[in-house]
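Mapping the sequence shown onto my numbering, position 11 (from 1) lands on 13, and the numbers just tick up by one.
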Amino acid sequence: MGKVSTGLSMSLDGFIAGPNDGPERILGDGGEWILKWYFSGDTDYEMPNGRMTLKVSPASAELLQEVHRTIGALVSGRRTFDIANGWGGRHPLDVPVFVVTHTVPQEWVYEGSPFTFVTDGVESAVEKAKKAAGDKNVAVGAASIAQQCIKAGLLDEIHIDLVPVLLGKGIRLFEHLGPEPIELESTKVIEAPGVTHLTFRVVG
Ligand SMILES: NC(=O)c1ccc[n+]([C@@H]2O[C@H](COP(=O)([O-])OP(=O)(O)OC[C@H]3O[C@@H](n4cnc5c(N)ncnc54)[C@H](OP(=O)(O)O)[C@@H]3O)[C@@H](O)[C@H]2O)c1
Numbered sequence: 003m004g005k006v007s008t009g010l011s012m013s014l015d016g017f018i019a020g021p022n023d024g025p026e027r028i029l030g031d032g033g034e035w036i037l038k039w040y041f042s043g044d045t046d047y048e049m050p051n052g053r054m055t056l057k058v059s060p061a062s063a064e065l066l067q068e069v070h071r072t073i074g075a076l077v078s079g080r081r082t083f084d085i086a087n088g089w090g091g092r093h094p095l096d097v098p099v100f101v102v103t104h105t106v107p108q109e110w111v112y113e114g115s116p117f118t119f120v121t122d123g124v125e126s127a128v129e130k131a132k133k134a135a136g137d138k139n140v141a142v143g144a145a146s147i148a149q150q151c152i153k154a155g156l157l158d159e160i161h162i163d164l165v166p167v168l169l170g171k172g173i174r175l176f177e178h179l180g181p182e183p184i185e186l187e188s189t190k191v192i193e194a195p196g197v198t199h200l201t202f203r204v205v206g
């Protein structure tokens with residue numbers, strides 16, 4: 003069985019998107035800083051769906067290749083899904099996506115759709131994603147879903163691509179987590195131009 007892990011780009015002050023996110027500006031005001039490292043290196047990295055090529059540093063390309071090779075399914079939130087317009091029908095990671103939502107958008111339910119809409123909570127979504135992923139890992143995207151997974155003790159690992167910018171406002175990744183501290187163990191740090199890739203094991 004693989005691991006359940008977040009994989010998000012975050013500003014130094016803890017935001018994964020700026021304010022005013024929407025289909026026109028998927029990471030909100032200032033959000034271009036969060037993904038600047040995707041497009042400022044000299045090494046081509048083609049995303050698994052073959053529809054997008056990043057320009058990253060060799061160190062980031064190596065890490066992305068390793069991470070993407072081991073992801074078998076993704077759990078996302080409905081806002082992310084809507085803002086990305088269902089990634090045009092095929093997620094960049096090219097894996098089954100389990101979207102946690104209160105209502106199922108029927109237009110996205112069709113034979114062979116990579117999207118499964120889960121209306122009974124994050125635990126159910128992670129369980130379904132684990133089954134789909136088999137021996138591979140499950141990635142958890144978006145703030146509200148990651149927060150609920152942390153609270154429910156569903157995350158094995160937190161992976162953060164930390165970018166050197168202070169956004170000041172927007173969507174915080176680490177909030178609404180409850181009163182108790184959550185112990186982490188740092189397991190990997192990769193310094194790359196414009197981003198520091200951090201991995202932590204969730205101890206509990
Ligand atoms: N920096 C990065 O790497 C990165 C990566 C991914 C996304 N993002 C950004 O993150 C932002 C979105 O994050 P977010 O936290 O605001 O939203 P989100 O997690 O994508 O979606 C939240 C929505 O999911 C549904 N939902 C969540 N928990 C649920 C539950 N337990 N049961 C049923 N439905 C549930 C609700 O929608 P309904 O009530 O409408 O169903 C809720 O409003 C966007 O700006 C996106 O672009 C950033």
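We treat Cβ as the ideally placed atom computed from N, Cα and C, and that holds for glycine. Quick caveat: nothing in here was measured; it's all calculated off a predicted structure.
Rounded to the nearest angstrom, what separates residue i and residue j at their Cα positions?
i	j	result
leucine 10	phenylalanine 202	13 Å
glycine 24	glutamate 193	31 Å
threonine 118	valine 97	11 Å
serine 7	methionine 54	23 Å
alanine 154	lysine 57	36 Å
threonine 121	histidine 104	5 Å
valine 44	serine 59	Contrary to the premise, residue 44 reads as aspartate rather than valine in this sequence. Near 6 Å, if we compare the C-alpha coordinates of serine 59 and aspartate 44.
leucine 179	threonine 198	24 Å
valine 191	serine 42	20 Å
glycine 170	leucine 164	15 Å
glycine 206	glycine 143	20 Å
glutamine 150	proline 181	14 Å
histidine 70	glutamate 64	10 Å
Look at the Cβ atom of residue i, then the Cβ atom of residue j, and state whether they are nearer than 7 Å.
i	j	result
leucine 168	leucine 14	yes
valine 102	valine 124	yes
valine 99	serine 78	yes
asparagine 51	proline 94	yes
valine 140	alanine 86	no
tyrosine 40	leucine 66	no
isoleucine 173	alanine 19	yes
lysine 138	glycine 4	yes
glycine 88	tryptophan 110	yes
isoleucine 162	leucine 200	yes
Report the three-state DSSP secondary structure of residue i (helix, strand or coil).
i	result
valine 106	coil
valine 77	strand
leucine 186	strand
threonine 82	helix
glutamate 64	helix
serine 146	helix
lysine 171	coil
valine 97	coil
histidine 70	helix
Measure from the alpha carbon of residue i to the alpha carbon of each residue in the options, then state which is nearest.
i	options	result
isoleucine 73	Lys132, Ile173, Trp39 and Asn87	Lys132
methionine 12	Met3, Ile36, Ala61 and Glu187	Ile36
glutamate 26	His70, Thr82, Lys38 and Ala63	Thr82
leucine 186	Asp158, Pro195, Glu177 and Ile28	Asp158
glycine 196	Glu34, Leu29 and Gly114	Glu34
Against chain B, with Cβ distances strictly below 7 Å, would residue i count as a contact?
i	result
valine 165	The question asks about chain B, but that chain is absent: this structure has only one protein chain.
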